[in-house]
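The sequence shown begins at 15 in our numbering and counts up one residue at a time.
For every residue, glycine included, the Cβ atom is placed at its ideal position computed from N, Cα and C.
Taking it in order: structure first as structure tokens, then the write-up.
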Amino acid sequence: MKKDLLTNQDLKLLLEAAAVLAVGGAVIWLASTAAIDASLKEAGKSDRAVTTTPVTYKESTNIKVATPKDGDTLVSPFLISGQARVFEAVVSFRLKDGNGKIIVQGTAMAKEGQTFSPFSYSVAFTKPETQAGTLEVYQASAKDGSDQDLVSISVKF
């Protein structure tokens, strides 16, 4: 029985998918796996069915948040992930309790700045006394630090 060897193109696709996984998290991995399956099927090297898992975002003009979703219950640590097209690739976030008090805030880095590219960041926090809160993901204006492209996600604790 003859075994198929990976071509250079097949190997390149696998390495790109692994790199995206390391940078962008599981959400991007789903799309990359589908691209690899499609490429191998097209080359006649796979009889695997090509399936994709649709990724849904809560978004503004320049920030698309894939996780967490509205209504998700957050447990520390949780993952913020998505895609952003922001100045110097800096994605800002803050987690607020139900009273509007900031629990934790910080920044994550997108892979690139002025084009949509993946970001992900693991956020640790101390559980607040309120049952609900809000995660805000945005870019801070280079001009005055104000919130730009705010994506607000309702969460539970």
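Between the alpha carbons of Y152 and E143 lies a gap of roughly 25 Å.
No Cβ-Cβ contact shorter than 9 Å links L93 with L149. For V137, the pairing in a beta bridge is given by DSSP as F92.
Under the three-state reduction of DSSP output, A154 falls in the strand class. By the Cβ criterion, the region 124–137 is in contact with the region 96–104, since at least three pairs of Cβ atoms, one from each stretch, lie closer than 8 Å. By a beta-carbon distance limit of 8 Å, K170 contacts A146. Their separation comes to about 5 Å. Judged by DSSP secondary structure, K83 falls outside any beta strand (DSSP E); it is assigned neither H nor E. The Cβ-Cβ distance between I117 and F139 falls below 9 Å.
For a cut-off of 8 Å, the C-beta gap from T121 to S106 is around 5 Å, short enough to register as a contact.
Taking the CA atoms as reference points, D161 sits about 12 Å from S74. In the three-state reduction of the DSSP assignment, E73 falls in the strand class, which pools E and B. Comparing alpha carbon positions, the residue from K72, S90, S95, K78 closest to D84 is K72. In the structure shown, F101 adopts helical secondary structure according to DSSP, grouped into three states. Taking a contact as a CB-CB distance under 8 Å, the pair L109 and V137 counts as one, their CB atoms being some 7 Å apart. DSSP, read as helix, strand or coil, puts F107 in strand. Distance from D163 to I77 at the Cβ level is roughly 5 Å; contact confirmed, criterion being Cβ atoms closer than 8 Å.
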